[in-house]
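Here is the structure we will look at, set down as structure tokens.
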Amino acid sequence: GENVEQHPSTLSVQEGDSAVIKCTYSDSASNYFPWYKQELGKRPQLIIDIRSNVGEKKDQRIAVTLNKTAKHFSLHITETQPEDSAVYFCAARWKNTDKLIFGTGTRLQVFP
Amino acid sequence: EPEVTQTPSHQVTQMGQEVILRCVPISNHLYFYWYRQILGQKVEFLVSFYNNEISEKSEIFDDQFSVERPDGSNFTLKIRSTKLEDSAMYFCASSDFGPNTEAFFGQGTRLTVV
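Those protein sequence lines, which keep their order, are chains A and B.
Residue numbering for the first sequence follows the numbering used here, beginning at 357 and increasing consecutively.
Residue numbering for the second sequence follows the numbering used here, beginning at 5 and increasing consecutively.
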């Protein structure tokens with residue numbers, strides 16, 4: 357079925373440490389994988405995305421890796437800061453459709 | 005920076021009533037979406053709209069739901085007879101070159117059905 361699994365559900369790190377969030381998807385035809393950050397009561401905002409023709413993409417402190425064979429992709433945040441605290445959602449575009457299937461979210465808390 | 009805007013920010017309605025949620029997508033975007041998020045849960049796809057017609061819909065999007073682009077700027081979601089379980093945050097989103105490009109989300113409408 358249509359499913360994107362996301363782990364962990366909560367993640368607490370000390371400021372300056374790295375955080376890694378992992379997602380797996382079931383549809384091998386998925387070809388677009390965005391990551392969204394959602395602060396409390398606000399809209400999801402895209403922070404980085406990756407397409408299936410690349411294995412890694414980096415933007416300053418944020419990177420995403422994609423393993424198509426294993427059907428999983430991960431978000432890496434280095435040198436975490438308190439303002440990184442939010443819920444992070446991975447998503448995968450489903451087969452040849454318009455829809456994004458979202459993961460269940462990871463609540464990241466960065467302690468000063 | 006252009007934004008997707010939604011109105012109202014919060015709507016309270018009685019069960020069985022009709023509601024219309026309104027969205028103004030980013031002006032040069034061609035693809036429009038509605039998603040919903042029940043409190044504390046993940047974001048769920050409802051429907052996508054392109055070229056004045058629905059291109060994809062989920063099983064959640066039953067006959068009680070409809071979408072419309074009544075003019076060149078607005079994109080609406082109508083729920084004909086609301087149920088308690090329709091209570092959620094509803095997000096509108098739009099993109100320019102289609103599903104494989106960034107979808108920009110509006111700030112959401114919190115619908116509370118009582």
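We put the beta carbon where it would ideally sit given N, CA and C, even for glycine.
Are residue i and residue j closer than 8 Å when you measure CB to CB?
i: residue 406 of chain A; j: residue 418 of chain A; result: no
i: residue 85 of chain B; j: residue 7 of chain B; result: no
i: residue 52 of chain B; j: residue 63 of chain B; result: no
i: residue 50 of chain B; j: residue 69 of chain B; result: yes
i: residue 128 of chain B; j: residue 77 of chain B; result: The requested residue 128 of chain B does not occur in the structure, where chain B is confined to residues 5 to 118.
i: residue 421 of chain A; j: residue 412 of chain A; result: yes
i: residue 444 of chain A; j: residue 456 of chain A; result: no
i: residue 448 of chain A; j: residue 360 of chain A; result: yes
i: residue 467 of chain A; j: residue 368 of chain A; result: yes
i: residue 387 of chain A; j: residue 374 of chain A; result: no
i: residue 10 of chain B; j: residue 110 of chain B; result: yes
i: residue 402 of chain A; j: residue 5 of chain B; result: no
i: residue 65 of chain B; j: residue 73 of chain B; result: no
Taking all protein chains shown into account, decide if residue i is buried (16 or more other Cβ within 10 angstroms of its Cβ) or exposed.
i: residue 461 of chain A; result: buried
i: residue 93 of chain B; result: buried
i: residue 75 of chain B; result: exposed
i: residue 394 of chain A; result: buried
i: residue 112 of chain B; result: buried
i: residue 415 of chain A; result: exposed
i: residue 437 of chain A; result: exposed
i: residue 81 of chain B; result: buried
i: residue 29 of chain B; result: buried
i: residue 390 of chain A; result: buried
i: residue 400 of chain A; result: buried
i: residue 71 of chain B; result: buried
i: residue 67 of chain B; result: exposed
i: residue 372 of chain A; result: exposed
Whole-angstrom Cβ separation of residue i and residue j, contact assumed at under 8 Å?
i: residue 116 of chain B; j: residue 16 of chain B; result: 5 Å
i: residue 380 of chain A; j: residue 463 of chain A; result: Incorrect: roughly 19 Å between the Cβ atoms, too far for contact.
i: residue 100 of chain B; j: residue 33 of chain B; result: 5 Å
i: residue 108 of chain B; j: residue 39 of chain B; result: That belief does not hold up - the Cβ atoms of residue 108 of chain B and residue 39 of chain B are roughly 12 Å apart, past 8 Å.
So who's on the other strand from residue i, going by DSSP bridges?
i: residue 377 of chain A; result: A/431
i: residue 360 of chain A; result: A/381
i: residue 11 of chain B; result: B/26
i: residue 74 of chain B; result: Answer is none; residue 74 of chain B lacks a bridge partner.
i: residue 83 of chain B; result: B/23, B/69
i: residue 399 of chain A; result: According to DSSP, which records beta bridges pairwise, residue 399 of chain A is partnered with nothing at all.
i: residue 38 of chain B; result: B/51, B/96
i: residue 111 of chain B; result: Paired residues: none, contrary to the question.
i: residue 448 of chain A; result: A/457
Could you check where the beta strand (DSSP E) with residue i kicks off and where it finishes?
i: residue 422 of chain A; result: 418 to 423
i: residue 52 of chain B; result: 47 to 54
i: residue 93 of chain B; result: 92 to 99
i: residue 393 of chain A; result: 388 to 394
i: residue 410 of chain A; result: Premise fails: residue 410 of chain A is in no beta strand (DSSP E) and is neither H nor E.
i: residue 57 of chain B; result: 57 to 61
i: residue 369 of chain A; result: 366 to 370
i: residue 105 of chain B; result: No beta strand (DSSP E) contains residue 105 of chain B, which DSSP labels as neither H nor E.
i: residue 465 of chain A; result: 462 to 467
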